[in-house]
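First residue of the sequence shown: 1, per full-length UniProt numbering; consecutive thereafter.
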Amino acid sequence: DKIESFESPEPSVTVIIPSKAPGGAETDVLTVREVDMCLTLNGSDHHTDRYELMTRKVNPQLVIRRGQPFQLDLVLSRAYNPATDAISFVFTLSETDKPSYGHGTLIAVPLLAKGAQDGDTWSAVLQRSSENVVSVNITTPANCIVGVWKMDIDTKLKDDGAVSYSHRTKIYVLFNAWCKKDQVYMKEEERRREFVEMDTGLIWRGSYNRMRPCIWNYAQFEKDVLDCSLFLVTKTGRVPLPSCSDPVKITRALSAAVNSPDDNGALMGNWSAEFDGGTPPTKWVGSLMILQRFYTNKKPVKYGQCWVFAGVLTTVCRALGIPARTVTTYASAHDTQNSLTVDYFVDDKGGVMEELTSDSIWNFHVWNEVWMKRPDLEPGDYDGWNAIDATPQEMSEDVFRCGPTSVKAVKRGEVLKPYDSAFVYAEVNADKVFWKYTGPTQPLKLLRKDTLGIGQHISTKTVGQWSREDITQTYKYPEKSQDERTAMLKALKQSESLFSRYYLNEEFNDIKFDFKLLDDIVIGSPFSARVVLSNKSKDKDYKVTVILRVDTVLYTGKVEDSVRKEKFDVVVKKRSEEEVKIDVSYEEYYNKLVDQCAFNIACLATVQDTNYEYFAQDDFRVRKPDVKFKIEGVPSEGQEFTATASVMNPLPVSLKRC
Numbered sequence: 001d002k003i004e005s006f007e008s009p010e011p012s013v014t015v016i017i018p019s020k021a022p023g024g025a026e027t028d029v030l031t032v033r034e035v036d037m038c039l040t041l042n043g044s045d046h047h048t049d050r051y052e053l054m055t056r057k058v059n060p061q062l063v064i065r066r067g068q069p070f071q072l073d074l075v076l077s078r079a080y081n082p083a084t085d086a087i088s089f090v091f092t093l094s095e096t097d098k099p100s101y102g103h104g105t106l107i108a109v110p111l112l113a114k115g116a117q118d119g120d121t122w123s124a125v126l127q128r129s130s131e132n133v134v135s136v137n138i139t140t141p142a143n144c145i146v147g148v149w150k151m152d153i154d155t156k157l158k159d160d161g162a163v164s165y166s167h168r169t170k171i172y173v174l175f176n177a178w179c180k181k182d183q184v185y186m187k188e189e190e191r192r193r194e195f196v197e198m199d200t201g202l203i204w205r206g207s208y209n210r211m212r213p214c215i216w217n218y219a220q221f222e223k224d225v226l227d228c229s230l231f232l233v234t235k236t237g238r239v240p241l242p243s244c245s246d247p248v249k250i251t252r253a254l255s256a257a258v259n260s261p262d263d264n265g266a267l268m269g270n271w272s273a274e275f276d277g278g279t280p281p282t283k284w285v286g287s288l289m290i291l292q293r294f295y296t297n298k299k300p301v302k303y304g305q306c307w308v309f310a311g312v313l314t315t316v317c318r319a320l321g322i323p324a325r326t327v328t329t330y331a332s333a334h335d336t337q338n339s340l341t342v343d344y345f346v347d348d349k350g351g352v353m354e355e356l357t358s359d360s361i362w363n364f365h366v367w368n369e370v371w372m373k374r375p376d377l378e379p380g381d382y383d384g385w386n387a388i389d390a391t392p393q394e395m396s397e398d399v400f401r402c403g404p405t406s407v408k409a410v411k412r413g414e415v416l417k418p419y420d421s422a423f424v425y426a427e428v429n430a431d432k433v434f435w436k437y438t439g440p441t442q443p444l445k446l447l448r449k450d451t452l453g454i455g456q457h458i459s460t461k462t463v464g465q466w467s468r469e470d471i472t473q474t475y476k477y478p479e480k481s482q483d484e485r486t487a488m489l490k491a492l493k494q495s496e497s498l499f500s501r502y503y504l505n506e507e508f509n510d511i512k513f514d515f516k517l518l519d520d521i522v523i524g525s526p527f528s529a530r531v532v533l534s535n536k537s538k539d540k541d542y543k544v545t546v547i548l549r550v551d552t553v554l555y556t557g558k559v560e561d562s563v564r565k566e567k568f569d570v571v572v573k574k575r576s577e578e579e580v581k582i583d584v585s586y587e588e589y590y591n592k593l594v595d596q597c598a599f600n601i602a603c604l605a606t607v608q609d610t611n612y613e614y615f616a617q618d619d620f621r622v623r624k625p626d627v628k629f630k631i632e633g634v635p636s637e638g639q640e641f642t643a644t645a646s647v648m649n650p651l652p653v654s655l656k657r658c
């Protein structure tokens with residue numbers, strides 16, 4: 001048989017325990033001289049041939065997926081005789097100081113002439129033997145510990161002298177989405193290619209009315225990425241080695257290990273406008289440099305925001321073999337009180353009181369989904385996509401982490417299911433509640449509740465296409481539907497928050513106030529915000545005081561700077577409408593913009609001679625100019641072609657450093 005490649009026998013450690021045959025002659029104990037790891041064959045069969053570890057010219061390593069046979073070719077000192085020779089493979093998990101059969105970190109596998117390879121246990125089966133070369137299929141179980149394994153091969157005459165061969169090449173064992181018995185098994189090949197093997201993707205940012213994708217290079221097969229991913233699991237995430245077979249425990253640990261507050265993980269967050277000493281989050285275009293830098297220095301890389309954390313976490317999960325995708329939710333709630341509502345406290349000028357308001361609504365928030373079975377949640381159907389989030393928002397069991405949370409549980413409002421279901425439910429389906437604060441001794445006044453604004457256009461990359469797939473329906477029932485309200489009430493009844501219980505008992509009837517925001521405003525242009533006041537009364541006119549304000553905000557919802565504020569007194573006659581408008585010029589807002597060019601438009605209206613007040617707000621984002629590409633001729637594969645990029649400057653000033 002053709003031997004693909006050999007390991008040098010020099011690093012092997014051989015221990016011979018001699019045995020004397022009758023007459024005093026030493027027995028001819030079988031020895032291993034060379035081992036061919038069959039890198040090309042195994043790489044193709046296991047979908048691991050793109051890992052840099054497999055393709056490097058110097059000291060390549062074998063990367064396989066669990067629950068599936070891989071082939072080794074052994075070159076022996078003589079022909080193998082199954083009647084008199086015994087061969088055993090001993091696998092030891094590299095990370096362990098005290099390998100143990102009981103913990104599954106030390107495995108001894110005898111070579112069998114035939115036997116079942118069902119993926120439930122380790123096995124080694126002889127495939128063929130030709131002269132002094134034997135081909136062996138070794139199968140790891142579908143619940144094998146994921147990590148780096150060392151291999152020794154023991155050979156001996158049955159009940160006689162033995163030789164041990166230590167192989168230098170290590171074996172990386174990953175999760176296997178192609179194996180039906182693996183907890184991360186995914187049925188469709190097209191989806192496996194997308195969620196395990198695709199090394200580039202799209203991450204959506206912007207706002208719900210201005211969704212913009214950015215390309216992200218996941219680079220899960222590149223140099224150091226797999227080693228760094230395993231380091232994040234065992235060293236940073238401190239997952240006990242026997243638990244490294246469980247994708248639930250691994251992904252929960254990774255949601256903490258990718259951020260830095262608790263454990264000096266891979267990436268340090270920064271939501272200010274100052275990024276001295278590091279890279280602004282908007283400058284990253286992929287995970288490779290972040291993970292390589294962290295693996296080299298073992299210090300958090302500066303800086304990240306939610307889409308960077310999510311991009312890196314997708315890389316790590318895919319590198320380990322866990323199907324993963326990056327998911328964006330627009331108008332995403334950050335509920336700090338576990339009330340399943342987002343509570344805003346406003347003053348008499350329409351301003352949000354930051355000192356009282358701990359909840360917030362992010363223009364967008366990006367997290368991850370990982371595909372797995374959830375045997376820990378049985379009985380019940382909780383398998384499939386699970387949300388995990390590495391952005392350090394709130395502590396879960398005293399650590400900044402989130403998930404994995406069954407998306408099916410979130411949709412059904414089952415907020416007590418582990419892990420962090422209530423927090424994820426609020427992110428996509430909380431109700432906004434606005435309270436009027438008039439003083440420490442005065443009761444809070446419920447101004448308005450908004451059941452529609454949270455969790456819009458939940459987005460991810462379409463399988464096999466460079467387009468957006470809307471997956472909102474996987475997290476929530478249609479807004480205003482009976483199923484949606486039933487799920488919300490179920491969730492609220494499980495909440496222990498006083499706010500949520502008080503909210504359940506409140507009823508509120510309002511007049512019609514409607515925001516009219518001009519869309520598609522390019523940066524450099526003025527814009528307007530209008531509010532239409534509708535009087536539904538058949539016999540009464542109303543005097544209304546309206547305060548309109550425009551503030552720049554970070555994408556997390558935090559107010560950064562005030563741009564403009566105006567107060568209007570209007571009379572709305574019975575069964576009629578009035579309109580108030582605030583105009584904002586480029587000169588007013590240009591030097592107050594922050595990274596995502598986002599604004600918050602707020603309205604506080606007081607109906608005179610009544611106890612009724614109304615508050616609402618909306619997000620708005622000016623659009624950056626498009627870059628247009630023109631390709632000359634028809635490009636051919638493998639051939640150079642010419643492309644021209646052009647951009648129109650919409651600003652009244654010259655652009656520099658283009």
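Quick reminder that beta carbons are idealized off the backbone N, C-alpha and C, glycines included.
When beta bridges are read from the DSSP output, residue 346 appears opposite 352, 436. Taken through DSSP and simplified to helix, strand or coil, residue 250 comes out as helix. If you ignore the 5 residues before and after residue 484, its C-beta comes within less than 8 Å of the C-beta of 429, 476, 477, 478, all in its own chain and listed in chain order. The three-state reading of DSSP puts residue 542 in strand, counting E and B together. Beta-carbon to beta-carbon, residue 523 and residue 650 are separated by about 6 Å, close enough to satisfy the 8 Å threshold.
Boundaries of the beta strand (DSSP E) around residue 385: 384-388. Inclusion of residue 274 and residue 325 in the CB contact set at 8 Å is not warranted, their separation being larger than that value. Under the DSSP assignment, residue 227 falls outside any beta strand (DSSP E), being part of the alpha helix (DSSP H) whose first and last residues are 225-231.
Under the DSSP definition of a beta bridge, residue 150 partners with 92. Within the same chain, and ignoring the five residues on either side of residue 589 in sequence, the residues whose Cβ sits closer than 6 Å to its Cβ are 563. Taken through DSSP and simplified to helix, strand or coil, residue 619 comes out as strand.
Counted as a single uninterrupted DSSP element, the stretch harbouring residue 80 is not any beta strand (DSSP E), since DSSP gives it neither H nor E. Just measuring C-alpha positions, the residue of 654, 602, 399, 390 sitting nearest residue 528 is 602. CA-CA distance, residue 230 to residue 238, rounds to 11 Å. An exposed status is given to residue 380, since fewer than 16 other beta-carbon atoms sit within 10 Å of its beta-carbon.
Residue 105 and residue 320 do not touch by the CB rule: their CB atoms are close to 18 Å apart, not below 8 Å. For the 8 Å CB-CB criterion, residue 407 and residue 385 form a contact. Residue 271 and residue 349 have their C-alpha atoms some 27 Å from each other. Following the DSSP letters along the chain, one finds residue 306 inside the alpha helix (DSSP H) bounded by residues 306-320. Under DSSP, residue 32 forms a beta bridge with 76. Here residue 607 is bridged, per DSSP, to 544. Counting only residues of its own chain and dropping the five nearest sequence neighbours on each side, residue 422 has a CB closer than 6 Å to the CB of 338, 415. Judged by their CB atoms, residue 541 and residue 573 are nearer to each other than the 8 Å cut-off. Proximity to residue 159 across 29, 299, 333 peaks at 29, based on C-alpha coordinates. For residue 409, the enclosing alpha helix (DSSP H) has its first and last residue at 407-411. Shown here, residue 529 sits in a strand according to DSSP, grouped into three states. Note on residue 658: under 16 other CB atoms within 10 angstroms of its CB, so exposed under the neighbour-count rule. Each residue's CA atom was taken as its position, placing residue 55 and residue 147 some 19 Å apart.
The C-beta distance from residue 92 to residue 82 rounds to 26 Å, too long to meet the 8 Å contact threshold. When DSSP reads this structure, residue 50 sits in no beta bridge, so it has no partner. Residue state for residue 287 is assigned as coil, using DSSP reduced to three classes. Contact annotation: the region 193-204 does not touch the region 548-560, with fewer than three C-beta pairs closer than 8 Å.
Measuring C-alpha to C-alpha distances from residue 153 to each of 142, 138, 145 identifies 138 as the nearest.
In this structure, the alpha-carbon of residue 632 lies about 28 Å from that of residue 623. Residue 188 counts as exposed, since fewer than 16 other C-beta atoms from the protein chains shown sit within 10 angstroms of its C-beta. The Cβ atoms of residue 47 and residue 178 lie closer than 8 Å to each other.
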